Amino acid sequence: MSRAFFIPLLSLLFTAGPAFANESDWRQWRGPNGNGVAASSAKPPLTWSETQNVKWKAYIPGRGLSSPVVVGDLVLVTTASEDGQFLLAYARSDGSIRWKERVHEGGIPTELHRKNSAATPTPASDGENVYVSFHNSDRVFLTAYTLKGERLWHRDAGPYTCDYRYGYAPSPTLHGKKIIISAEFLADGFLAAFATDDGSELWRTERKVKTSYSSPIVASIGGRDQILLSGAAKVSAYDPESGGILWQVDGSSSATCGTMVWSGDAVFASGGFPNQETLAVRVGETPSVLWKNNDKSYEQSLLYHDGHLYAFNDGGIALCWNAKTGEEKWKVRLGGPVSASPTLAGGRIYAMNERGIIYVYEPNPEQFIKLAENSLGDEGFATPVFVGNEAFLRAAKTEGEREEWLYCLSELED
146 MSRAFFIPLL SLLFTAGPAF ANESDWRQWR GPNGNGVAAS SAKPPLTWSE TQNVKWKAYI
206 PGRGLSSPVV VGDLVLVTTA SEDGQFLLAY ARSDGSIRWK ERVHEGGIPT ELHRKNSAAT
266 PTPASDGENV YVSFHNSDRV FLTAYTLKGE RLWHRDAGPY TCDYRYGYAP SPTLHGKKII
326 ISAEFLADGF LAAFATDDGS ELWRTERKVK TSYSSPIVAS IGGRDQILLS GAAKVSAYDP
386 ESGGILWQVD GSSSATCGTM VWSGDAVFAS GGFPNQETLA VRVGETPSVL WKNNDKSYEQ
446 SLLYHDGHLY AFNDGGIALC WNAKTGEEKW KVRLGGPVSA SPTLAGGRIY AMNERGIIYV
506 YEPNPEQFIK LAENSLGDEG FATPVFVGNE AFLRAAKTEG EREEWLYCLS ELED
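Numbering-wise, the sequence shown is residues 146 to 559 according to our numbering.
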């Protein structure tokens, strides 16, 4: 229950501004369109190992569960250790460290779920600057840096005290000149937007609910932009300009971790505590539930592709449903447990479990076809990202003294 750990390739067009503008980058959680689908130009390798198709690997001090983001010639990750909470920038070309900035010294949360970390939210970038959120001293802080590592501003976004004492997880999302974050807990939970130029607060909406962990995401549905967010036994949409509620439907569960996905006028969500449910909602003048079942993807986000919904759930089971009807097309046990989310890249689905094994299979609704099974290290929580011919993967080795590594994978000649 630890992270946010947490659409077709249609004419989906964000009006969200530069955060999604460059297909040669991966600028925030869930990628160029916020849906776990890589750009059409992505051609990552099918197979790899410690000795095959590793362009470079770089040491990450400390521990974190955030996915890397790729912005121009930089790969950025967050991490935390006894020395503080950090943002690190590596050279995309060779993995050399460009800069390392301590965002916080002291104040690191001491009560965390064993699967969580003090550096779980994935950074977000608009191509000019990078924005990071950290849980520190029972607050959520937002900090902006230039791509050269110069601090621009640092803001206290609001309080956060997890009702379960499991820590914080939601990643920030960009929409135009706004950065949007959520922090859900009973006392003072909120959804809020801040200006990217100076960190000033633009709006704030109450989300005083039992702690939930999902990341908000902005989608264009029915001709308007909407912030999608699950949790509190609701599937909800908010206006990114004002923070006002647009619609809500009962569904999923009290606590969710996955980021919602969408296609046309339908949105999809899943949750797992205390009940488990996956559902589809048609968004219209009167939103309504299209279908639901009792499967769950609690920590993972779902993946939509070409009329079908794919999942790789907590127990390591891969599933495919018809997105319109909810009909189960297939269900295959691969191996768990699972925290990372499945991603579509180069016409393949890449899905990693917590043992660092990545299963590669076809997005084929007629049958499950496994293409490869790869592993690096023996621990994998952060969702890999895919840009151009490269994949960027965060993995750890836990035998002996734990070590965490950032890998750049590419099809290399023998």
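Glycine included, each C-beta is placed from N, C-alpha and C at the ideal position. None of the values given here were measured: they were computed from a predicted structure.
query                                                                                                                                                               : result
Grouping DSSP H, G and I as helix and E and B as strand, with all else coil, what is Asp370?                                                                        : strand
Rounding to the nearest angstrom, what Cα-Cα distance links Glu346 and Ile325 in this structure?                                                                    : 10 Å
Mapping DSSP to helix, strand and coil, what is Pro304?                                                                                                             : strand
Quick check on Val483: does DSSP put it in helix, strand or coil?                                                                                                   : coil
Please check the pair Asp271 and Thr341, which I expect to be a contact at CB under 8 Å, by giving their CB distance rounded to whole angstroms.                    : 6 Å
Starting from Ala203, trace the beta strand (DSSP E) in both directions and tell me its first and last residue.                                                     : Val199 to Ile205
When you compare each of Asp451, Pro482 and Ser484 to Ala468 by their alpha carbons, which one comes out closest?                                                   : Asp451
Taking the alpha-carbon of Leu516 as reference, which of Val505, Gly344 and Asp343 has the nearest alpha-carbon?                                                    : Val505
Measuring straight from C-alpha to C-alpha, what distance separates Gly321 and Gly481?                                                                              : 37 Å
Give me whichever residues DSSP pairs with Cys553 in a beta bridge.                                                                                                 : Trp201 and Phe537
Pull the bridge partners of Thr291 from the DSSP assignment, please.                                                                                                : Asn274
Taking the alpha carbon of Val477 as the reference point, which residue from Gly460, Ser446 and Gly376 has its own alpha carbon closest?                            : Gly460
Cα separation between Lys260 and Lys542?                                                                                                                            : 15 Å
Among Ile205, Leu210, Arg237 and Gly229, which residue has its Cα nearest to the Cα of Val220?                                                                      : Arg237
Near Arg175, which residues of its chain fall below 7 Å by C-beta distance, leaving aside the five closest residues on each side in sequence?                       : Gly181, Ile362, Thr404 and Ser446
Smallest Cα separation from Arg547: which of Ile205, Thr306 and Thr267?                                                                                             : Ile205
Return the CA-CA distance between Glu422 and Ile494, expressed in angstroms with no decimal places.                                                                 : 23 Å
Measure the C-alpha to C-alpha separation of Pro487 and Leu557 and round it to an integer number of angstroms.                                                      : 24 Å
Please state if the CB of Ala337 and the CB of Gly389 are separated by a distance shorter than 8 Å.                                                                 : no
What's the call for Ala332, buried or exposed, on a 16-neighbour Cβ count within 10 Å?                                                                              : exposed
Assign Glu256 to buried or exposed, taking buried as 16 or more other Cβ atoms, counted over all protein chains shown, within 10 Å of its Cβ.                       : exposed
Roughly how many angstroms separate the alpha carbons of Gly294 and Glu544, rounded to a whole number?                                                              : 33 Å
If I measure Cβ to Cβ from Leu435 and keep anything under 6 Å in the same chain, skipping five residues before and after, which residues do I get?                  : Ala425 and Arg427
Please list, in chain order, all residues of the same chain as Trp550 whose beta carbon is under 8 Å from its beta carbon, the five residues on each side excluded. : Lys202, Ala203, Tyr204, Ile205, Leu521, Gly522, Arg539, Ala540, Ala541 and Lys542
Return the CA-CA distance between Pro555 and Val532, expressed in angstroms with no decimal places.                                                                 : Strictly speaking, residue 555 in this sequence is Ser, with Pro absent from that position. Each residue's Cα considered, the two are about 10 Å apart.
Could you check the C-alpha separation between Ala536 and His280 for me, to the nearest Å?                                                                          : 28 Å
To which residues of the same chain is Glu496 closer than 6 Å at the C-beta, ignoring the five residues directly before and after it?                               : The identity of residue 496 in the sequence shown is Ala, whereas the question assumes Glu. Excluding sequence neighbours, Ala496 sits near Phe457, Pro487 and Tyr504.
Suppose contacts are defined by Cβ-Cβ distances below 8 Å. Is Ala527 in contact with Ser211 by that definition?                                                     : yes
In three-state DSSP terms, what is Ala234?                                                                                                                          : strand
Using a 10 Å radius around the Cβ and a threshold of 16 neighbouring Cβ atoms, would you call Ser186 buried or exposed?                                             : exposed
Comparing C-alpha positions only, which one of Glu472, Leu391, Ala414 and Cys553 sits nearest to Gly586?                                                            : The first residue shown for the chain is 146 and the last is 559, placing residue 586 beyond what the model contains.
Buried or exposed: where does Ile502 fall if 16 or more other Cβ atoms within 10 Å of its Cβ makes it buried?                                                       : buried
What residues in its chain sit with their C-beta under 7 Å from that of Cys553, if we drop five residues either side in the sequence?                               : Lys200, Trp201, Gly240, Glu535 and Phe537
What whole-angstrom Cβ distance do Asn274 and Leu292 have, given they're in contact under 8 Å?                                                                      : 7 Å
How would you label Ser194, buried or exposed, when you count the other beta carbons within 10 angstroms and need 16 or more for buried?                            : exposed
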